[in-house]
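Participant: The structure follows.
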Amino acid sequence: MQSLTKTVGIAALILAPISGMAGSQPETNNNAEQQWHQGILKGYQSLAAEAGDLSAAAADYCSAPEQASRDALEQAWLNAFLAWQRVRYVDFGPVESDNLAWQFQFWPDPKNLIARKASYLLDSEAPVSSEVITESGVAVQGFPMLEYLLYDEALNASNNALPAEKTCGLLRAVAGHIEANGKQLRDQWQAFREHYLATEQYRDTSIRAGMAALEILEDRRLAQPMGLRGNGKRSVYAADAWRSGSSLRTIEATIHGLEQSFLPGLTRLLKESDQPELGPRIENQFKDVLEHFPELHRPMAELLSNDDAFSLLQGFYVDVSQLTTLINDQAAVELGVIRGFNSSDGD
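In case it helps, mature numbering (1 follows the signal peptide of the UniProt record, and there is no 0) puts the sequence shown at residues -22 to -1, 1 to 325.
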């Protein structure tokens, strides 16, 4: 009897750590998911607030179209657009409803559909209203349409240049649409919390969102304009936000967004993995990537046309590639996350 008791006791000691480990993984996952949800919520709250300021700035400018109100409008557009870039990587949850991501940013636009849609609306006799914007499709509804109205050279040299009445109507309607979508996304994400935390698959879904964002950033937002993909020719038109010259600022904002709301949850998971050293390595690589700014706060056209400037862009690209490798090929593998099929085939 004593021998049996001793055997049971030894078995209990052996099984105790295993049981403890089994219980700790769900807790670690849940803690990471709580960090992700809260980080993304802060990003959506910022987007909603900046979109509200943008809508107000559009109304102010059209009421009193002076240089000061124009400057304030352009700054408000940039602030709101960068707020979107910081949460742009989130490709699941409420942002999937009604093509919300595409409503905020229609890109890429190889057929220049934004310009064509703007011309149609501005040249038609029908007034521009919120209903017209809702019915006109994603090419009309987001930040790139406002960028076109503010920065397109051909438009600004025409009779439709701001503050033309019809163009101001389009400006205000689109800004109002972005504001409404920003508030909707903020509120829906907050309501999504319980389902997000209770659904096991969102751990891997959240990691894949960061992976896909880095693939898109490296391959399509950098490599393609740089001529490292496709036909091998440098082309500013392959970049997003080329009209305003803010392509690199948007990339910086996306990296900041990943660092602020994606990285904390990822490093928490890695800390409990077999390779806890990966977390600090990834944190340091984020720092290396961001050290290229503010020197890269230049229009993409300038960086592509000047070989000395292009070398700065090449160094940045290498650091982004190393970050992508660390997360997509090492951290994801360590955490058992399989890259989704065609994960970079959309934006």
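The beta-carbon is built from N, C-alpha and C at its ideal position, and this holds for glycine as well.
Please give me, in chain order, every unbroken run of the alpha helix (DSSP H) with length at least 4 that falls completely inside the region 122 to 157.
Facilitator: Those alpha helix (DSSP H) runs which fall completely within the region 122 to 157 and span 4+ residues are 131 to 134.
Participant: At which residues does the alpha helix (DSSP H) containing residue 9 begin and terminate?
Facilitator: Residues -21 to 41.
Participant: What separation, rounded to the nearest whole angstrom, lies between the Cα atoms of residue 80 and residue 307?
Facilitator: For residue 80 and residue 307, the distance between alpha carbons rounds to 28 Å.
Participant: Please work out which residues of its chain come closer than 7 Å, Cβ to Cβ, to residue 119, disregarding the five sequence neighbours upstream and downstream, and give them in chain order.
Facilitator: Only 81, 111, 152, 155 meet the Cβ criterion.
Participant: Mind the definition here: the region 220 to 239 touches the region 52 to 64 only if three or more C-beta pairs lie below 8 Å; say whether that holds.
Facilitator: Output reads yes: the region 52 to 64 touches the region 220 to 239.
Participant: Please state whether DSSP places residue 97 in a helix, a strand or coil.
Facilitator: The answer is helix: DSSP assigns residue 97 an H, G or I state.
Participant: Please report the residue range of the alpha helix (DSSP H) in which residue 211 lies.
Facilitator: Neither: residue 211 is in no alpha helix (DSSP H) and is coded neither H nor E.
Participant: Distance check for residue 310 and residue 316, CA to CA, integer angstroms please.
Facilitator: So the two alpha carbons sit approximately 7 Å from each other.
Participant: Compare the C-alpha of residue 192 against each of 295, 211, 31 and name the closest.
Facilitator: Answer by Cα proximity: 295.
Participant: CB-CB under 6 Å to residue 240, same chain, minus the five flanking residues each way: which ones, in chain order?
Facilitator: For residue 240, where only same-chain residues beyond five positions count, the Cβ hits under 6 Å are 188.
Participant: Can you tell me where the alpha helix (DSSP H) holding residue 182 begins and where it ends?
Facilitator: Run containing residue 182: 180 to 194, per the alpha helix (DSSP H) assignment.
Participant: Please state whether the Cβ-Cβ distance between residue 242 and residue 167 is less than 7 Å.
Facilitator: Taking 7 Å as the Cβ cut-off, residue 242 and residue 167 do not qualify as a contacting pair.
Participant: Taking all protein chains shown into account, do 16 or more other C-beta atoms lie within 10 angstroms of the C-beta of residue 94, making it buried, or fewer, making it exposed?
Facilitator: Exposed: under 16 other Cβ atoms inside 10 Å.
Participant: Which residue marks the beginning of the alpha helix (DSSP H) containing residue 246, and which one marks its end?
Facilitator: 241 to 249 is the span of the alpha helix (DSSP H), which, as asked, contains residue 246.
Participant: When you compare each of 3, 18, 5, 12 to residue 175 by their alpha carbons, which one comes out closest?
Facilitator: It is 12 whose Cα lies nearest to the Cα of residue 175.
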